[in-house]
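To start, the structure itself, in structure tokens.
Protein chains: 2
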Amino acid sequence: MDDMDRRIIGLLAEDSRRALADIGGLVGLAPSSVNERIRRMVAAGVIRRFTVETDPSALDLPLLVFLRLVLRPEADATAFRQAIAGHPRILECHHVTGAWPWLIKLRVETVAEIEVALDQIRASGFLGQHETTIALSSAVAGVFVPATMP
Amino acid sequence: MDDMDRRIIGLLAEDSRRALADIGGLVGLAPSSVNERIRRMVAAGVIRRFTVETDPSALDLPLLVFLRLVLRPEADATAFRQAIAGHPRILECHHVTGAWPWLIKLRVETVAEIEVALDQIRASGFLGQHETTIALSSAVAGVFVPATMP
DNA sequence: GGTGAAATTCAGCGAGG
DNA sequence: CCTCGCTGAATTTCACC
Numbered sequence: 001m002d003d004m005d006r007r008i009i010g011l012l013a014e015d016s017r018r019a020l021a022d023i024g025g026l027v028g029l030a031p032s033s034v035n036e037r038i039r040r041m042v043a044a045g046v047i048r049r050f051t052v053e054t055d056p057s058a059l060d061l062p063l064l065v066f067l068r069l070v071l072r073p074e075a076d077a078t079a080f081r082q083a084i085a086g087h088p089r090i091l092e093c094h095h096v097t098g099a100w101p102w103l104i105k106l107r108v109e110t111v112a113e114i115e116v117a118l119d120q121i122r123a124s125g126f127l128g129q130h131e132t133t134i135a136l137s138s139a140v141a142g143v144f145v146p147a148t149m150p
Numbered sequence: 001m002d003d004m005d006r007r008i009i010g011l012l013a014e015d016s017r018r019a020l021a022d023i024g025g026l027v028g029l030a031p032s033s034v035n036e037r038i039r040r041m042v043a044a045g046v047i048r049r050f051t052v053e054t055d056p057s058a059l060d061l062p063l064l065v066f067l068r069l070v071l072r073p074e075a076d077a078t079a080f081r082q083a084i085a086g087h088p089r090i091l092e093c094h095h096v097t098g099a100w101p102w103l104i105k106l107r108v109e110t111v112a113e114i115e116v117a118l119d120q121i122r123a124s125g126f127l128g129q130h131e132t133t134i135a136l137s138s139a140v141a142g143v144f145v146p147a148t149m150p
């Protein structure tokens with residue numbers, strides 16, 4: 001991971017379909033060297049996958065929602081993690097500092113779906129107090145990659 | 001945007017370097033038809049870009065931080081949006097419902113950098129009360145795409 | 001919209017410097 | 001790490017359905 005690798009990653013982040021010769025021309029390397037660096041970064045796990053950024057609204061997920069919640073005292077955090085893993089609407093779920101130990105980021109189509117998601121989380125039996133926040137607009141929107149179907 | 005488009009996007013999200021012939025074989029279309037659909041989705045803005053998901057720790061950004069803040073009463077929200085747009089560490093910034101109208105997601109290398117980012121936001125003159133939350137671990141990590149250099 | 005075939009471009013590989 | 005050549009495979013375009 002030297003500076004050359006970082007420049008290559010920056011270019012791939014902009015457009016991962018760019019030809020190796022183009023990238024090489026921009027960073028000052030031969031195409032084969034660029035290819036080898038990319039291959040190494042994929043093997044090392046620095047690059048996890050080549051993917052697409054999409055418009056969430058075009059995929060019928062216009063609503064961005066954050067849930068902050070506490071688990072019930074008897075809940076097992078490991079079981080909770082497994083219960084929410086793979087949920088198609090949950091983009092992120094972090095264990096965080098502060099009074100609300102869990103922060104979940106969702107994308108849904110309608111407000112009704114927020115309640116559906118909450119009920120699904122509740123169904124795991126771990127849900128304690130919770131708080132729902134809806135994004136009105138985004139100054140920096142973040143990258144949306146659609147969920148991969150199972 | 002029919003169901004065929006959605007399947008193609010799902011496959012591209014998994015691996016955007018997959019050959020058109022592979023995708024066509026999985027969804028039941030000729031490679032040229034898949035190519036045409038992708039071209040249309042890019043033109044329509046459904047697909048924003050082809051990119052790479054990376055390991056944030058490998059890029060020296062192991063710390064995930066959320067800031068919740070209120071602007072000073074006299075602050076101009078539009079100016080605030082511009083002030084934080086393009087900040088290399090700010091992954092997301094949303095105007096949200098609730099007592100803390102702004103939610104910012106950051107990735108940084110060290111805790112010291114959290115303070116640096118806060119000072120930079122404060123420098124815009126809009127910062128009122130704020131609250132910092134640090135992610136301890138992630139049950140669903142979310143997709144990290146490195147910032148594109150200007 | 002979709003197809004199949006042609007034309008072009010690209011990735012992938014090995015040898016040599 | 002670069003160049004060169006090569007080969008197979010992929011993208012891209014086009015006329016046609």
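So the protein lines, in turn, are chains D and C.
Taking the UniProt record's numbering, the leading residue of the first sequence gets 1, the next gets one more, and so forth.
Taking the UniProt record's numbering, the leading residue of the second sequence gets 1, the next gets one more, and so forth.
No residue lacks a Cβ here, since even glycine has one placed at the ideal position from N, Cα and C.
- Note: C/Thr133 is bridge-paired with C/Phe66 in the DSSP secondary-structure output.
- Contact annotation, D/Leu11 with D/Arg18: C-beta distance approximately 6 Å; criterion of less than 8 Å satisfied.
- Taking the Cβ atoms as the reference, D/Val96 lies roughly 5 Å from D/Leu103, within the contact range of under 8 Å.
- In this structure, DSSP gives C/Phe50 an extended state, which the three-state scheme calls strand.
- Secondary structure of D/Gly24 (DSSP, three-state): helix.
- Sequence-distant partners of C/Ala77 (beyond 5 residues in either direction) whose C-beta falls short of 6 Å from its own C-beta are missing from its chain.
- Using a 10 angstroms sphere on the CB of C/Gly142, the tally of other CB atoms reaches 16 or more, which defines it as buried.
- The residue from C/His87, C/Thr51, C/Val46 and C/Gly28 with its alpha-carbon nearest to that of C/Pro150 is C/His87.
- At least one CB atom of chain C sits nearer than 8 Å to the CB of D/Glu53.
- When C-alpha distances from D/Asp3 are compared across C/Arg39, C/Ile47, C/Leu29 and C/Ala58, the shortest belongs to C/Ala58.
- Setting aside the 5 residues that flank it on each side, D/Leu69 is surrounded in the same chain by Trp102 and His130, each with a C-beta closer than 6 Å to its C-beta; the list follows chain order.
- Put simply, the CB of D/Pro146 is near chain C, with a gap under 8 Å to one of its CB atoms.
- Comparing C-alpha distances from C/Leu26 to each of C/Arg49, C/Ile9, C/Phe80 and C/Leu118 shows the shortest one belongs to C/Ile9.
- Across the region 118-143 of chain D, CB contacts with chain C closer than 9 Å involve Glu131, Thr132, Thr133, Ile134, Ala135, Leu136, Ser137, Ser138, Ala139, Val140, Ala141, Gly142 and Val143, in sequence order along the chain.
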